[in-house]
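For reference, the structure discussed in these notes is given below.
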Amino acid sequence: TEGLYDEAEAAAKELSKSEGLTYVSSYEDHYIVSGAGTVGLEMLLDEPELDMIVVPAGGGGLITGIATAAKALSPGIRIVGVQSVASMPWVASWQSGRVVDVSYSDTLADGLTGGIPQSLLDLARVRVDDFIAVEEKDIAGAISFLHKKHHQVVEGAGAIGVAALLSGRISAVGRNVGVVISGGNIDHEVLMRVLSEN
Numbered sequence: 001t002e003g004l005y006d007e008a009e010a011a012a013k014e015l016s017k018s019e020g021l022t023y024v025s026s027y028e029d030h031y032i033v034s035g036a037g038t039v040g041l042e043m044l045l046d047e048p049e050l051d052m053i054v055v056p057a058g059g060g061g062l063i064t065g066i067a068t069a070a071k072a073l074s075p076g077i078r079i080v081g082v083q084s085v086a087s088m089p090w091v092a093s094w095q096s097g098r099v100v101d102v103s104y105s106d107t108l109a110d111g112l113t114g115g116i117p118q119s120l121l122d123l124a125r126v127r128v129d130d131f132i133a134v135e136e137k138d139i140a141g142a143i144s145f146l147h148k149k150h151h152q153v154v155e156g157a158g159a160i161g162v163a164a165l166l167s168g169r170i171s172a173v174g175r176n177v178g179v180v181i182s183g184g185n186i187d188h189e190v191l192m193r194v195l196s197e198n
């Protein structure tokens, strides 16, 4: 399918309808959201003193699941979602209180592109504390940092929380901060370019 995630999702829904198949959203499904919550649960079981969890913000299933589980265990914990300035429907919708359409540009965090559903924005407004955006150069820097310092191959969407910390958009000073690092699906040529430039 040509286009971004929204086009692929629309094609999948149409195919499931025409073929009589079951469509399961990768983010707007209560089982998916509940499963994502186990990430927050495991983080707090490993590190009960966490003050904040920083989460990549895509369709919304991961962050709302983590926020729901984490706040059940630790009501005072802060949950912050991160997006690229090139694709920030969460940031714009968070600020307006309703889902808004935004324009999308090419981003290293392409796994986070696409629209968001009102149902998960409503849940996020109860459970999540903030959404922020980082610059593309900061995402590239985080990919490089994780590879060079920690020997991890992480895609832009997965490295975006680290980008927020390294750029100073989120401060870890005096806090116990957990960062969700998810996904290693980065094109080899893109990775080599990022590493050579950072």
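First residue of the sequence shown: 1, per full-length UniProt numbering; consecutive thereafter. For every residue, glycine included, the Cβ atom is placed at its ideal position computed from N, Cα and C. Predicted model, so just to flag it, every value in this text is computed and none were measured.
By the Cβ neighbour-count rule, G59 is buried, with 16 or more other Cβ atoms within 10 Å of its own. Our two residues, G61 and I32, have alpha carbons roughly 7 Å apart in a direct line. Counting only runs of 4 or more residues that sit fully inside the segment 153-194, the alpha helix (DSSP H) segments are 156-166, in chain order. Within a 10 Å sphere around the beta-carbon of G97 sit fewer than 16 other beta-carbons, which makes this residue exposed. By alpha-carbon distance to G174, the top candidate from E189, E136, E49 and A36 is E49.
With respect to V180, I79 sits apart: the two C-beta atoms are not nearer than 8 Å. Closest in alpha carbon position to Q118, among V190, G141 and A92, is A92.
Residue environment for L121: buried (at least 16 other C-beta atoms within 10 angstroms of its C-beta).
8 Å or more divides the Cβ of K71 from the Cβ of R125. If you draw a 10 Å sphere on the C-beta of D138, you find 16 or more other C-beta atoms in it, and that means buried.
The three-state reading of DSSP puts S103 in coil, since its state is none of H, G, I, E or B. CA-to-CA, the gap between T107 and P75 works out to about 34 Å. A straight line joining the alpha-carbon of S18 with that of A8 spans about 15 Å. Around the CB of T22, fewer than 16 other CB atoms lie within 10 Å, so the residue is classed as exposed.
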